[in-house]
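Okay, structure first, notes after.
Protein chains: 2
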Amino acid sequence: MPIKQSYTDVLIIGAGPSGFMAATWLARCGIPFRIIDKRSNEIFAGQADGLQSRTLEIFKSFSEASFDFATLDQGWKVANHITEMCFWSPDANGKLVRNSRVPDSAPGISRFTECVIHQGNVEKWFEESIDNFSSGTVKVERPILPISIKVNENEADPQGYAVDVLVTKLDSESAKPEQVGKVANGLFRAFDGDQEKFYHDLESGKNEDDFEMIHAKYVIGSDGAHSWVRRQLGIDMEGEHTDYVWGVLDMTPITNFPDIRSRCAIHSKDSGSVMVIPRENDLVRFYIQLKEVERDPETKNDKSQFNGNVEDKAAKSKGRVDRSKITPESILKQAQEIFKPYTMEMTDLRWYTGYQIGQRVSPSFSAHNRVFISGDACHTHSPKAGQGMNVSMQDTYNLGFKLALVCKGLAKQDILSTYESERLKVARDLIAYDHKLSRLFSGKPMIPNSDVMDGVDLDEFHRTYREGSHFASGTISDYENSILVSKDNGLPVDADGRTMSKIATNIPIGRRLYSDPIIAQADGKPIHLGDRLASDGRFRVLLFAGDVKNNHQNMELLHKFQDSLDSQKNFLKKYTPVNAFADSVIEVLTIHACDRHDVELYDFPDFTHPLDFKRRCDYWKLYTGVGSTYHEGDIDIYETYGIDKQKGAILVIRPDSHVAQVNEFSVDGLNKVNAYFDQFMIPQLDNVLPKKEADVNDIDRFVKPRLAI
Amino acid sequence: MPIKQSYTDVLIIGAGPSGFMAATWLARCGIPFRIIDKRSNEIFAGQADGLQSRTLEIFKSFSEASFDFATLDQGWKVANHITEMCFWSPDANGKLVRNSRVPDSAPGISRFTECVIHQGNVEKWFEESIDNFSSGTVKVERPILPISIKVNENEADPQGYAVDVLVTKLDSESAKPEQVGKVANGLFRAFDGDQEKFYHDLESGKNEDDFEMIHAKYVIGSDGAHSWVRRQLGIDMEGEHTDYVWGVLDMTPITNFPDIRSRCAIHSKDSGSVMVIPRENDLVRFYIQLKEVERDPETKNDKSQFNGNVEDKAAKSKGRVDRSKITPESILKQAQEIFKPYTMEMTDLRWYTGYQIGQRVSPSFSAHNRVFISGDACHTHSPKAGQGMNVSMQDTYNLGFKLALVCKGLAKQDILSTYESERLKVARDLIAYDHKLSRLFSGKPMIPNSDVMDGVDLDEFHRTYREGSHFASGTISDYENSILVSKDNGLPVDADGRTMSKIATNIPIGRRLYSDPIIAQADGKPIHLGDRLASDGRFRVLLFAGDVKNNHQNMELLHKFQDSLDSQKNFLKKYTPVNAFADSVIEVLTIHACDRHDVELYDFPDFTHPLDFKRRCDYWKLYTGVGSTYHEGDIDIYETYGIDKQKGAILVIRPDSHVAQVNEFSVDGLNKVNAYFDQFMIPQLDNVLPKKEADVNDIDRFVKPRLAI
């Protein structure tokens, strides 16, 4: 009997946060895809827990568009919001004292601040989101192991099924992580799969029914630090391991330490360091430095699957770290030393682990613009800056909409190469930051005015931490000039690395657009602009029309734009399938700068209050960026963005909310928008969608608009 | 075969919003109860849609305590927030013009503003909440019809099963509302049940298995305007019908009327009035005046089940209103006349109905402190002020915690009589407001500077509407002096009807406590005080300790309070079962007035950071009410409440967030708290809870604290 053959647009290998984020994008945009995982069960304890500002913005962007509530922005409600970061270190007498306190998230960078919650919750919300967006058609398939992958490099058609992945269904037992004792712990060796054995089975005709050949247009390997996909692509990680061994405890502490509900970085005089992360449900996570371990030369250039936990290290470094000594009690004992003179006891232990990870990054994130790797498969580093889960999700948040655009036939395959160019830089910055921070955190402190004058300069540590908090928030990821980002007009770069135009002196091009409230013309309701930039796969063109009441040219220009937008020569008609909703690929929003009561909805051209095929009006295209609200104070998004209220501006925003282009508010500015899309979009003037698709979501038009429906 | 006999603490008859709110309370507090409904299905369209500020506060109060997200505060996310109210009326030439615009919800009265969503959603959230709080043990039982009810007035034990209710299971067909055509409509006659027939069946031994005798301690009749329970108690509604007939449409309008996404009250010159309610999902509800109908003398004193819809009226008033003419098209036709010169067409019709309801109120809400009626069973009125669903839920929000306290044996049965005294006043105020508003809205307008000088004075209408918006918000419901509210110390009543002490010059006693942010001492996180007053059945004593840093007496006093709270003579120990969590009946929170960085957690006495039986600390008892936050600006709840920062105050807050008592911050003030609880609480010094209960929620202690666990 021949093996089962099947076809899908995208195959995602690995159902962790990174794979899930890709799946959420694809489900949201209506792309056929599958997601497989070799483990038989989800995560119930431990693992990553930090949700940074940018991640929460992304979660919100998937939630706002959906009427269904079972979605990602639950994170912001149930996770523990961390408010303050406290630094503790020895005073001149060696006594542990609070050195300083700073806001945990830098004020003013986002409407969300860092919060923490167990990774299992995040994965549950993702599963619900995917279920919701795919109308129940896509579930994680597990336990499924990939056996082989083959890329047909000669397949020129972006819609061709160029990647063949052979997979097999595992029995549940071999896919379960091994647990030691009753308390969940992270000291298990992840099941790597024995592809050889399964391949041999297949050759010999054994268990044929368990195998399936999946033909995919594109494949994403989100399969963790050991990434099978990465190894198949022949990509090695670059970087180094560390000397430091850390223990992790998730438990409820019994202590008289006063800052146990704040995030704390504690350097003790002689006993090592502790990071305190107060969690949901009065749980606390502790990262506790265990002891120094000499580097084992044999492991330094180890190309095998170093998974970063103590067991592996121990196995390979001649038993220097004795795994049997890594117990919750041994970790706690070290914590007690560090916390002295404060007491520290433990109850309700939920999870523990030990790790000894370095900073490593993959030099390449993709092959042939067909196979991509993301998350831990591309970068591994210490968990203490709360970055892992976040950067991993942000990788695929970058990749997902691009794959959706390509799979829908709306954009050229070329755009996929921006995934690596955009995310590799972020990964390298992350590795550099983590390298610096973790060494400053692991080192013995210098104590001013004492005899301990060598060691880590704690002022430098605090400064590094504070300066890094912008980076760590994920809000300043900056994408370089490319076909998707227009920085190529000789714009200056400021001291903070931002590329900004004089047209909008506070909007860094290439970074995500900061969100501020605007007011809907139709009903006076304040809404965050970010919530109008929902993650549904669409580009947005924002027309900042300025003060159209006092500046008549601006209103005239707006009316003139109506003709441009109606023309098949221009971006809006040209790149939208002929029978799709007019705003289903690119949405045009207008934000003026008048008091809402001084102008009327019907003063503005039709594209600001367009009618659909049933002549139902879309009232949510026209806003004011300036004025008073009844309940939420005054707003001025022109001020926030540095846009002149007389001159205005035109912005192009990518589906991931990154600023693609900043133009002047003029006919020329609108033409530049054409030029932007002409680089990579595929004309749709002959594309008539199958009737079914065009009719979809009739009555629920305003509930779930999405790419090209 | 004898009929099945069963026992429950509370039987709720009727699963509409009012019954559901009672059920939510009881589930939240862990009371055994059942909820039955004679209809076989839920509501899918139409009915009530307004959620007022106070209702949203209540929803939030049930949600905050729960870690599970499938709860009531979804309303605030998915409902349509109405921002502005626009008044339209004829100008001097008779042309329809916008007369004025005001905020739909008065600024400053609540952190929530009015929003609207279809009643079916609200009921779905209630079902999820009940499922969540009862751990899946309680579901609405339907279709179940009550046949007879008997109260044993001689049962002196509050825990005795004094009410016998005979019920029968209906077949689904007889319990379904009749629908006309494809579009859901409200023109059906609700199934009233034929108790006689079923009783006869039982007598003759037919279908014996379908019957059940439920023995309940207490019964709530939340069974609508026709209330079977009310009729069994022999209570007649008082009040009158109206002359005006209104049509209702839920549809997507196609119109050039500019304010269609605002709430509008439109008086036309000659064609009647329209109320516009913009809904979720771009739906709009229209209340459209159809025509005037003369009062039929025969129906005026009609004691039968007048259900307020046109069909009933038509059936009884000699065909004056021809039901067959009440079609969506006929309603729309009238709307088109009123909206002229603006166009008005219709698409996506979801629901329609006609009604002709007056203002009626039940003179009594309970019998023998055993059977209670609530919601439409007690008061019927026009829907245009968006009150029905809200006041109905607020009725049982008042009743539910009292029943929980009595059923747990914590409070005396006497407190139940405050249900009627507190809610009957609200119902009468509502009826008076609705009577005035609906007549002003239904009348032909007077047009200033024209020849139409008789009719409704629109200025009076606008004034009535605006002044009524505080009442309509539900936030100023004011409960009189009773064993549950201490107003009896000769306090003055101000021009707005508020009773306030000099100790807290902006806290009206008897009203719900307005919520403002405070900052947790332990982690610096700002949190709304309202979110610390979760609806879990507990009373709170709030110690406003003032500036304890500069005012040492206040800190000394706080430390002195430790002894009082430890004494079995005082409220905290005296009224809490001996092995229950110390805060499971009355929770003491301390809110000081110092900068959080100027004091330390462990400067304060133990009761501000108490340990539980595992010595886990509860960090969430101590706050500052004054200071700066990193992300949310400055706060000062002392200023908000009019509490002197040197003198402080002690508040007692009921489980429904109403202010029970305002005392000075002193030993004497704390003694008054004793006196308050001594009036109605039952000492628990001999009450040892069954071990199971005391051990419940061990690890999840901080997730779902609730009454006496």
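Protein chains in written order, with the UniProt record's numbering: chain E, 1 to 709; chain B, 1 to 709. For each residue, glycine too, the CB sits at the ideal point set by N, CA and C. As the structure is a computational prediction, the values presented were derived from the model and not from experiment.
Using a beta-carbon distance cut-off of less than 9 Å, what residues from the segment 603-617 of chain B approach chain E?
-> L611, K614, R615, R616, C617
Best match in D259(B), T137(B), R279(B), K217(B) for proximity to H597(E) [C-alpha to C-alpha] = D259(B)
DSSP puts F87(B) in a beta bridge; with which residues?
-> S100(B), A265(B)
Straight-line Cα distance separating I266(B) from K340(B) = 11 Å
According to DSSP, is R540(B) helix, strand or coil?
-> strand
If we count Cβ pairs, one from each stretch, closer than 8 Å, do we get three or more for the segment 514-526 of chain E versus the segment 661-681 of chain E?
-> no
Residues that L26(E) bridges to, as DSSP identifies them | Looking at the DSSP assignment, L26(E) forms no beta bridge with any residue, so it has no partner.
Enumerate in chain order the residues of its own chain whose CB-to-CB distance from S134(B) is below 6 Å, with the five nearest sequence positions on each side excluded.
-> A27
What residues in its chain sit with their C-beta under 8 Å from that of R512(B), if we drop five residues either side in the sequence?
-> R54, E57, T475, S477, D656, S657, H658, V659
Which bits of chain B does K525(E) rub up against, with CB to CB less than 7 Å?
-> H81, T83
Give the interface partners of I254(E) over in chain B, defined as CB-CB distance under 9 Å, in chain order.
-> L611, K614, R615, R616, C617
Candidates K502(B), I277(B), E127(B), T624(B): which alpha carbon is nearest A520(B)'s?
-> T624(B)
Taking the CB atoms as reference points, tell me whether F680(E) and K412(E) lie closer together than 9 Å.
-> yes
What in chain B is Cβ-close to H631(E), meaning under 9 Å?
-> T83, P103, S105, P107, G108, R111, T113
Measure the beta-carbon distance from A367(B) to L233(B) and round it to whole angstroms, keeping in mind my assumption that it falls under 8 Å.
-> 5 Å
Taking all protein chains shown into account, decide if G50(E) is buried (16 or more other Cβ within 10 angstroms of its Cβ) or exposed.
-> buried
For L601(B), which residues in chain E fall below 8 Å Cβ to Cβ?
-> P258
Going by Cα to Cα distance, which pick from G627(B), F544(B), T418(B) is closest to L670(B)?
-> F544(B)
Please name the residue, chosen from I338(E), E238(E), A385(E), that lies closest to I277(E) on a Cα-to-Cα basis.
-> A385(E)
Which residues in the same chain as T601(E) place their Cβ atom closer than 7 Å to its Cβ, once the five residues preceding and following it in sequence are excluded?
-> Here the sequence assigns Leu to residue 601(E), which means Thr is not the residue at that position. For L601(E), where only same-chain residues beyond five positions count, the Cβ hits under 7 Å are Q521, A522, H609, L622.
How is Q646(E) classed by DSSP in three states: helix, strand or coil?
-> coil
Partners in chain E for T640(B), counting only beta-carbon separations shorter than 7 Å | Residues of chain E passing the Cβ test: none, with the nearest at roughly 16 Å.
Quick one: which chain E residues come within Cβ less than 9 Å of R230(B)?
-> Going along chain E, no residue has its Cβ under 9 Å from R230(B), so there is no contact; the nearest lies around 36 Å.
Cross-strand partners of K206(B) (DSSP beta bridge) = Per DSSP, none; premise fails for K206(B).
Do you know offhand how far D595(E)'s Cα is from W620(E)'s?
-> 17 Å
9 Å Cβ cutoff, T347(B) in contact with chain E | yes
Are the C-beta of A377(E) and some C-beta of chain B separated by less than 9 Å?
-> no
Along the segment 273-284 of chain E, what residues have a CB closer than 7 Å to any CB found in chain B?
-> P278, N281, D282
Per-residue burial, G160(E) [other beta carbons within 10 Å of its own, 16 or more giving buried] = exposed
Nearest chain E C-beta to A522(B) closer than 9 Å, yes or no?
-> yes
For D636(E): DSSP bridge partner residues = V626(E)
Helix, strand or coil at L166(B) [DSSP, three-state] = strand
Rounded to a whole number of angstroms, what is the C-alpha to C-alpha distance between T83(B) and T113(B)?
-> 8 Å
Hey, is R39(B)'s beta-carbon within less than 9 Å of any beta-carbon in chain E?
-> no
Sufficient close CB pairs (3 or more, under 8 Å) joining the segment 374-384 of chain B to the segment 215-228 of chain B | yes
Could you work out which residue in L542(B), D606(B), R423(B), N506(B) is closest to P363(B) when comparing CA atoms only?
-> R423(B)
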